[in-house]
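A.B. asks: Attaching a single structure in structure tokens format; questions to follow.
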């Protein structure tokens, strides 16, 4: 059984920090253009309530994955750092993390959710598209070749 919990403080922030670091290490490029080091150091930072959120997925007491949400402007939020550890992939955890963070975006009153990803992340891209995300023009700086920008209308 997988448990999904919002995390804002305490020991679970350290678990999220470790998952974020694993995510960053798995990419094969440096996230310095997103001030990733500062983001890790300041967690929960801009993912803090009331305009942000962190969700942790755990299975059998082990951290399985995470996702984050932050405010872009009054009507738009951004999904960030969706990550599922390799041992837990293929069981729907990523999809459920997305569903939960989309629900949180709705609860917080945002009208749309954006994200950026890479065309090489085919499984993630397929997941996002299956959830209704559509490609849009770039809304932020991302110098990585193959960067794609997606948006979901929250209704």
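In my numbering, the protein residues as written are -3 to 151. Heads up, the beta-carbon is just placed ideally off N, CA and C, and yes, glycines get one too.
Which class does residue 11 belong to by DSSP, given the choice of helix, strand or coil?
C.D. replies: In the chain shown, residue 11 corresponds to position 15, counting from 1. Here residue 11 sits in helix by DSSP.
A.B. asks: Quick test of the definition: if touching needs 3 or more C-beta pairs under 8 Å, does the segment 139 to 150 touch the segment 108 to 123?
C.D. replies: Judged by Cβ distances under 8 Å, the segment 139 to 150 makes contact with the segment 108 to 123, as three or more pairs qualify.
A.B. asks: Suppose only complete runs of 4+ residues qualify. What are the alpha helix (DSSP H) ranges in the segment 27 to 108, listed by chain order?
C.D. replies: Runs found: 32 to 38 and 89 to 103.
A.B. asks: With a Cβ-Cβ cutoff of 8 Å, do residue 123 and residue 101 count as a contact?
C.D. replies: As a first step, residue 123 is located in the chain shown; it is residue number 127 there, counting from the start. As a first step, residue 101 is located in the chain shown; it is residue number 105 there, counting from the start. No, the pair does not count as a contact, with Cβ atoms beyond the cut-off.
A.B. asks: Applying the criterion that 16 or more other CB atoms from any shown protein chain within 10 Å of the CB defines a buried residue, is residue 75 buried or exposed?
C.D. replies: Within the chain shown, numbered from 1, the residue matching residue 75 stands at position 79. Buried: at least 16 other Cβ atoms inside 10 Å.
A.B. asks: For residue 69 and residue 48, what's the separation of their Cα atoms in angstroms?
C.D. replies: Position 73 of the chain shown, counting from 1, holds the residue named residue 69. Position 52 of the chain shown, counting from 1, holds the residue named residue 48. The straight-line gap from Cα to Cα measures roughly 12 Å.
A.B. asks: How far does the beta strand (DSSP E) with residue 124 in it reach, from first residue to last?
C.D. replies: Position 128 of the chain shown holds residue 124. No beta strand (DSSP E) holds residue 124; the alpha helix (DSSP H) holding it covers 118 to 126.
A.B. asks: Which residue's Cα is closest to the Cα of residue 126: 99, 17, 148 and 105?
C.D. replies: Residue numbering aside, residue 126 sits at position 130 when the chain shown is read from its first letter. Among 99, 17, 148 and 105, the Cα nearest to that of residue 126 is on 148.
A.B. asks: Check each candidate in 130, 128, 115 and 119 and name the one with the smallest Cα separation from residue 138.
C.D. replies: Position 142 of the chain shown, counted from the first residue, corresponds to residue 138. Ranking 130, 128, 115 and 119 by Cα distance to residue 138 puts 115 first.
A.B. asks: Using CA coordinates, which residue listed in 2, 136 and 128 is at the minimum distance from residue 44?
C.D. replies: Residue 44 sits at position 48 when you count from the first residue of the chain shown. For the residues 2, 136 and 128, the minimum Cα distance to residue 44 belongs to 2.
A.B. asks: Based on Cα-Cα distance, which residue from 121, 46, 60 and 98 lies nearest to residue 82?
C.D. replies: Residue 82 sits at position 86 when you count from the first residue of the chain shown. Selected option, being the one with the closest Cα: 60.
A.B. asks: Which of the three DSSP states, helix, strand or coil, is assigned to residue 129?
C.D. replies: By 1-based counting over the chain shown, the position of residue 129 is 133. Residue 129: coil per DSSP, three-state reduction.
A.B. asks: Between residue 79 and the rest of its own chain, which residues show a CB-CB distance below 8 Å, the 5 nearest in sequence each way excluded?
C.D. replies: Translated into positions along the chain shown, residue 79 becomes position 83. Excluding sequence neighbours, residue 79 sits near 15, 16, 18, 19, 22, 61, 62 and 63.
A.B. asks: If you run the structure through DSSP and keep just helix, strand and coil, what is residue 141?
C.D. replies: As a first step, residue 141 must be located in the chain shown, where it is residue number 145. Coil.
A.B. asks: Nearest-angstrom Cα distance between residue 97 and residue 51?
C.D. replies: Mapped onto the chain shown, residue 97 falls at position 101. Mapped onto the chain shown, residue 51 falls at position 55. Cα to Cα, the separation comes out at about 7 Å.
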